[in-house]
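Step one of this worksheet: look at the structure below.
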Amino acid sequence: RLTEKLNSAFKKLRGRGKLSEEQVKDGLKEIRRILLAADVHYSVVKKFVKRVENKAIGEEVLKSLTPGEQIIKIVREELQELLGGQREELGLHQHGPTPIILVGLQGTGKTTTAGKLALHYREQKKTPILYSADYRRPAAREQLRQLAEENQLEFYPEQYEDPRDDLPELVEYAENKSLNPVIIDTAGRLNIDQPMLEEIGDFQRLLPESRVLLVIDGMMGQEALQVAEDFAGVVQLDGLILTKMEGDARGGAAISAREVTGVPVLYIGTGEKAADFQPFHPERMASRILG
Amino acid sequence: VPGLGGDFSIERLEAALLSSDVGLETVEKLIQPLESGQDKGDPGEHLRKQIIEIFHRAGPVTLQISDSSPTVYFFVGVNGSGKTTSMAKLAHNFDKQIIFAAADTFRAAAIEQLKKWGERLDLPVISHQKGGDPTAVVYDALEAAVHRQADFLFVDTAGRLHTRRDLMEQLEKMYRVTVGQKSNEPTESLLVLDASTGQNGLQQVRTFAEKLPVTGIILSKLDSTARGGVALSVVDELGIPVKLVGTGETLDDLAPFSPEIYCDALLG
Ligand SMILES: Nc1nc2c(ncn2[C@@H]2O[C@H](COP(=O)(O)OP(=O)(O)OP(=O)(O)O)[C@@H](O)[C@H]2O)c(=O)[nH]1
Ligand SMILES: Nc1nc2c(ncn2[C@@H]2O[C@H](COP(=O)(O)OP(=O)(O)OP(=O)(O)O)[C@@H](O)[C@H]2O)c(=O)[nH]1
Ligand SMILES: [Mg+2]
Ligand SMILES: [Mg+2]
Chain A
866 RLTEKLNSAF
876 KKLRGRGKLS
886 EEQVKDGLKE
896 IRRILLAADV
906 HYSVVKKFVK
916 RVENKAIGEE
926 VLKSLTPGEQ
936 IIKIVREELQ
946 ELLGGQREEL
956 GLHQHGPTPI
966 ILVGLQGTGK
976 TTTAGKLALH
986 YREQKKTPIL
996 YSADYRRPAA
1006 REQLRQLAEE
1016 NQLEFYPEQY
1026 EDPRDDLPEL
1036 VEYAENKSLN
1046 PVIIDTAGRL
1056 NIDQPMLEEI
1066 GDFQRLLPES
1076 RVLLVIDGMM
1086 GQEALQVAED
1096 FAGVVQLDGL
1106 ILTKMEGDAR
1116 GGAAISAREV
1126 TGVPVLYIGT
1136 GEKAADFQPF
1146 HPERMASRIL
1156 G
Chain B
3 VPGLGGDFSI
13 ERLEAALLSS
23 DVGLETVEKL
33 IQPLESGQDK
43 GDPGEHLRKQ
53 IIEIFHRAGP
63 VTLQISDSSP
73 TVYFFVGVNG
83 SGKTTSMAKL
93 AHNFDKQIIF
103 AAADTFRAAA
113 IEQLKKWGER
123 LDLPVISHQK
133 GGDPTAVVYD
143 ALEAAVHRQA
153 DFLFVDTAGR
163 LHTRRDLMEQ
173 LEKMYRVTVG
183 QKSNEPTESL
193 LVLDASTGQN
203 GLQQVRTFAE
213 KLPVTGIILS
223 KLDSTARGGV
233 ALSVVDELGI
243 PVKLVGTGET
253 LDDLAPFSPE
263 IYCDALLG
């Protein structure tokens, strides 16, 4: 376990007083390995370890902790800080429906998450409506329609071929029926597919009041950094959602994505059912990353 | 330990491997000899040879055909990796009498999705009701394939995390159904692995391989920016060959695996 590994690295250097440079460097080699094993991006790990190093050297070792435990404490605090320190909420507009657009790579869990998000808002006594802008994937709209049906959620069937023609009418419909939020599922797309990235830019321009959430697979590796950066380059992102987190992937992709976009992780998906959805807790994530 | 490169070119090679999601232990194993034996010529060339050798050791990338019809192929893997799409692409490539078994009876519109592909390919899809027993679908589909003298039976299974013991047991049961019909033991159990998978990938494949004999990997979404380093660790540690790569979302986007092309992308 982490503490044991660090402590064994430190046992010949045990002592009170300040953390020596050598103690810190030894500990950081292990921390670097742990963060890479947790899928945190190579460059983010480098910067992070430097930050911890500067904070740790010369720090007073607390009477109750060993040097190894002291370093872990600093790492944990810095990780939490990196993740935004505390929980954040996605605020809805008070007047008029809030469109929430889910975007991301193929297969990350957007459609499933759309259903989860709608259920989450209904449990908060809101009146959500679901719409699928995915005209590409076979049976994508049917998938969202079924999710809406089995959870008794409002669903807006497409009226046009191009979602850009649907969106204004969808929001108008929601306004008339006092529905809020309007949750919009989109087709999976690569961060290097320029026309498809342009499309979500168009969606946001059509609905300037919309929030855009990037859905990331919890087991994603190093590429999370570039992917998050590319999506943030074409739309204003308001939040990140990390899916499939009930598995044993450590979820370092969240660290990379947060670091490069400055956008908070708001929720995590913890299973395939609509109820498998939780708000994101930075301190729990920090513990998970450290294994 | 990563980050201990004495030579800048070796450090650059290590960074290339790490940033491509190659498993940490595999990276160490590959970089170590470069650091100690630096008189062996260009480290990049040496590394490239090592990597290609790892793939050659894992065996042939061809798909096996059973000598008694139907040949059964299973498509397995975690949620969203590209199983259903990969299965459709492979059928498109084969141009044979293929029957599809819609054994994902759990996920919303999984059956409809496969039926759409069946329509496009003009291939029959055997399915039951949503929520039904997937083993029964496999059993039924096998009977149909035998009865219709189909060349192949492709089984689409539900995505499942390897940490779900109950779902892994269910998969094992589905596999044994086909094994039970002696001559119809799955000839290939193809695990579809997303190229952007991180360090968790090895554990994923290892767990699946404990439940059924995974005979090949389909490395999907290689058209993304991901280099699929996860596959290198899987091949090295488990000896399972990568047979195919997914390079997009249409039926033509499937290719045989090439270690050379893979290596070029990996080492940039
Ligand atoms: N285990 C687990 N599976 C999930 C979770 N969220 C989604 N899934 C599954 O992941 C798979 C993909 O989910 P989808 O909702 O179809 O993903 P998507 O992003 O809409 O896919 P595309 O539209 O093709 O890009 C499905 O099998 C879902 O059931 C989660 O939190 N945990
Ligand atoms: N870019 C790209 N997308 C792919 C590739 N293979 C599959 N996809 C996409 O990935 C998404 C998920 O594909 P599916 O075939 O539904 O994946 P699955 O493993 O069957 O998903 P579940 O059954 O829900 O676990 C779809 O949007 C596919 O179009 C590929 O090689 N490249
Ligand atoms: Mg979808
Ligand atoms: Mg599927």
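So the protein sequences, as listed, match chains A and B.
Everything in the first sequence is counted per the working numbering, starting at 866 for the first residue and increasing by one.
Everything in the second sequence is counted per the working numbering, starting at 3 for the first residue and increasing by one.
Built from N, CA and C at the ideal position, the CB exists for glycine as well.
Exercise. Note down the Cα distance separating A:Leu900 from A:Ile1154, rounded to an integer number of angstroms.
Key: 7 Å
Quiz prompt | Per-residue contacts from A:Asp904 into chain B (C-beta, under 7 Å) | solution = Gly200 and Gln201
Quiz prompt | Under the three-state DSSP convention, the category A:Asn1045 falls into | solution = strand
Quiz prompt | Three-state secondary structure (DSSP) of A:Phe913 | solution = helix
Exercise. At 7 Å on the CB atoms, spell out the chain A contacts of B:Ala110, in chain order.
Key: Gln1008, Gln1011 and Leu1012
Exercise. Report whether the distance from the Cβ of B:Asn81 to the nearest heavy atom of ligand 6 is below 7 Å.
Key: As presented, the structure is devoid of ligand 6, carrying ligand 1, ligand 2, ligand 3 and ligand 4 as its sole ligands.
Quiz item: What residues in its chain sit with their C-beta under 8 Å from that of A:Gly1156, if we drop five residues either side in the sequence?
Solution: Arg866, Leu867, Ile899, Ala902, Ala903 and Arg1115
Quiz item: By how many angstroms is the C-alpha of B:Asn95 removed from the C-alpha of A:Arg1029?
Solution: 35 Å
Quiz item: Excluding sequence positions up to five away, which residues of its chain have a Cβ less than 6 Å from the Cβ of A:Arg1054?
Solution: Met1061
Quiz item: Does the pairing of the stretch 982–1000 of chain A with the stretch 122–135 of chain B give three or more beta-carbon distances under 8 Å?
Solution: no
Exercise. Indicate whether at least one CB of chain A lies closer than 8 Å to the CB of B:Ala233.
Key: no
Exercise. Evaluate A:Tyr1025 with the Cβ neighbour count: other Cβ atoms within 10 Å of its Cβ, from every protein chain shown; 16 or more gives buried, anything less gives exposed.
Key: exposed
Exercise. Can you say whether B:Pro72 is buried or exposed, counting buried as having 16 or more other CB atoms within 10 angstroms of its CB?
Key: buried
Exercise. Given a cut-off of 8 Å, decide if B:Leu253 and B:Ala90 are closer than it, judged by their beta-carbon atoms.
Key: yes
Practice problem: Check distances from the C-beta atoms of the stretch 73–92 of chain B to those of chain A and list, in chain order, the residues that come in under 7 Å. | Solution: Asn81, Gly82, Ser83 and Gly84
Quiz prompt | Coarse secondary structure for B:Gly43, derived from DSSP in three states | solution = coil
Quiz item: For A:Thr976, is the beta carbon positioned less than 7 Å from some heavy atom of ligand 3?
Solution: yes
Practice problem: Classify A:Leu1055 as helix, strand or coil using the three-state DSSP reduction. | Solution: coil
Exercise. Check the Cβ-Cβ distances between B:Lys118 and every residue of chain A, and say whether any is below 8 Å.
Key: yes
Self-check item: Cβ-based neighbour list, A:Glu925, same chain, cut-off 7 Å, excluding 5 preceding and 5 following
Solution: Lys883
Exercise. Can you tell me the Cβ-Cβ gap for B:Leu192 and B:Gly218, rounded? I've got them flagged as a contact below 8 Å.
Key: 5 Å
Practice problem: Put B:Ala111 into one of helix, strand or coil per three-state DSSP. | Solution: coil
Exercise. Answer yes or no: does any C-beta atom of chain B fall closer than 8 Å to that of A:Ala1175?
Key: Since the displayed chain A opens at 866 and closes at 1156, residue 1175 of chain A lies outside it and no answer follows.
Quiz item: From B:Ile263 to B:Leu204, what distance separates their C-alpha atoms?
Solution: 22 Å
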